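Quick note on numbering: the sequence shown equals residues 385 to 762 in our numbering. Working notes for the structure below.
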Amino acid sequence: MNLLLFAEDPGAVNYIAPLALELQTQGSSITLLSAGAATQLFQEKGLSSHVVCNSAEAIEILYRELPELLITGTSENLDSPGLAFLSAAQDMQITSIGVVDFYANAAFRFRGQTHDPLAHAPDWLIVPDDWTAEEYQSLGFPKQKILVAGHPHYDHLMQMKERFDKEDRDILRTKLFPQVSENQLVLVFASELSTGLNPAQYQYSEEYTLTGRGHSVGRTEIVIEELLDAIAVLSAEGVPRPYLVLRRHPKEATTSLSDYLNAFDCISEGGDPHRLIYTADAVVGMSSMLLLEAYILGARVLSILPREIERSWLPLTRMQTIKCATQRDIVRAYLRELLCSSFYRASTDLGGTPLDSTKRIMAFLKTRCEAMRKEYYV
């Protein structure tokens with residue numbers, strides 16, 4: 385098979401990297417392209433990629449490579465080269481496949497600078513679960529052109545957990561946190577950007593049931609304030625204060641959240657976060673992929689969301705598999721439970737999300753290539 389793969393955002397890298405590695409193992413010819421944060425993230429996963437600087441270059445590369453299949457992830461960049469790839473592939477009659485790593489913001493992922501949610505839609509979609517498939521069907525994308533495949537990154541995490549479980553967790557924890565006493569719990573907060581494909585939903589509105597300290601308007605800032613204030617209240621009531629780690633989002637600037645940095649004992653940024661969340665006693669966040677990763681790796685996880693509607697953004701909060709708090713008293717109650725209960729490893733029930741995703745997608749790609757070759761030689 386001769387394929388061209390492109391990613392720009394971290395979520396797309398998590399979906400595409402396992403596919404690229406498997407394609408290389410099987411001897412397929414692949415051209416791996418990147419933009420933005422994806423370049424460094426691919427490198428950290430052992431993959432070299434060619435950086436695409438703009439849409440014109442993207443089109444030029446597609447004409448030069450002439451792949452059998454184009455596979456592209458989605459991005460929060462409304463002028464992403466990925467959209468140019470998709471439009472050019474349609475003009476060149478190259479079969480295009482969009483991989484969607486996440487349920488949220490379906491109406492924005494292929495619209496670009498238009499108001500049409502399917503303006504740059506690919507020929508096929510590969511999605512992680514039925515909810516995501518139904519969301520695209522509601523936008524008008526053909527049901528028969530959607531493959532519900534699971535998430536290749538989940539398969540990778542399952543294998544990673546098996547490896548970690550063979551190591552001594554206490555030794556791993558001591559290596560990561562030599563300054564933390566044996567009896568102190570480690571709580572990791574998974575940060576997010578207070579913007580996205582639909583920026584308004586990441587800013588305070590009347591729908592917010594959490595308000596933080598009453599001055600911030602950013603979603604992440606409000607949730608951090610609720611977390612820190614809840615820990616302060618619990619500490620005053622005699623609950624031992626945990627060792628607090630702020631894990632930055634891969635696209636987050638080092639200057640962001642500056643008002644809160646002194647409240648954390650450790651700032652974690654860059655590199656692979658998986659040993660960090662595996663050894664943590666609790667991982668708290670909003671709706672980032674890191675919460676799902678932490679759950680699969682066996683951590684105790686809490687989602688704090690400022691709006692009830694955001695429960696649907698993560699499959700496992702939607703199914704109530706991951707505990708979710710949208711009210712201040714519930715935030716404090718769940719945090720008390722996390723900080724007072726004895727440590728245990730959570731289950732890894734993914735609520736019906738298909739496993740063996742990489743194998744399923746490889747079979748699909750092979751089928752699509754064979755179909756194209758038959759059409760070409762008819």
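Virtual Cβ for every residue (Gly too), placed ideally from N, Cα, C. Computed from a predicted model, the values in this text were never measured in an experiment.
(1) Would you mind stating whether V484 and T458 have Cβ atoms separated by less than 7 angstroms?
(2) Quick check on the burial criterion: 16 or more other C-beta atoms within 10 angstroms. Buried or exposed for E694?
(3) With distances taken from CA atoms, which of P501, G496, Q528 is nearest I510?
(4) Indicate the three-state DSSP secondary structure (helix, strand or coil) for Q585 in the structure shown.
(5) Alpha carbon to alpha carbon, how far is R729 from V715?
(6) Between E677 and L577, is the Cβ-Cβ spacing less than 7 angstroms?
(7) Output the distance between the C-alpha atoms of I606 and Y627, rounded to the nearest integer angstrom.
(8) State yes or no: is the C-beta of T710 within less than 7 angstroms of the C-beta of S687?
(9) Ends of the beta strand (DSSP E) at G669?
(10) Return the chain-ordered list of same chain residues with a C-beta closer than 6 angstroms to the C-beta of T593, the five sequence neighbours on each side being excluded.
(11) Comparing the CB of E444 with every heavy atom of the ligand ZN, is any distance shorter than 6 angstroms?
(12) By the 10 Å Cβ neighbour count, where 16 or more other Cβ atoms means buried, how is I615 classified, buried or exposed?
(13) Return the Cβ separation of P501 and A491 in integer angstroms, given the expectation that the two are a contact with Cβ distance under 8 angstroms.
(14) What number of angstroms, rounded off, separates the C-alpha of R448 from the C-alpha of L388?
(15) By how many angstroms is the C-alpha of P624 removed from the C-alpha of R720?
(16) Ignore the nearest five residues each way along the sequence and tell me which others in T742's own chain have a CB closer than 7 angstroms to its CB.
This is what the structure gives:
(1) yes
(2) buried
(3) Q528
(4) helix
(5) Low local confidence applies: a pLDDT of 48 at R729 is under 50, so the model's placement there is unreliable, with the coordinate-based value given in what follows. Spanning the two alpha carbons is a distance of roughly 21 angstroms.
(6) no
(7) 20 angstroms
(8) no
(9) 666-669
(10) T710, Q711
(11) Of ligands this structure carries none, so the ligand ZN is not represented either.
(12) buried
(13) 4 angstroms
(14) 11 angstroms
(15) 10 angstroms
(16) P402, L403, E406, P536, D539
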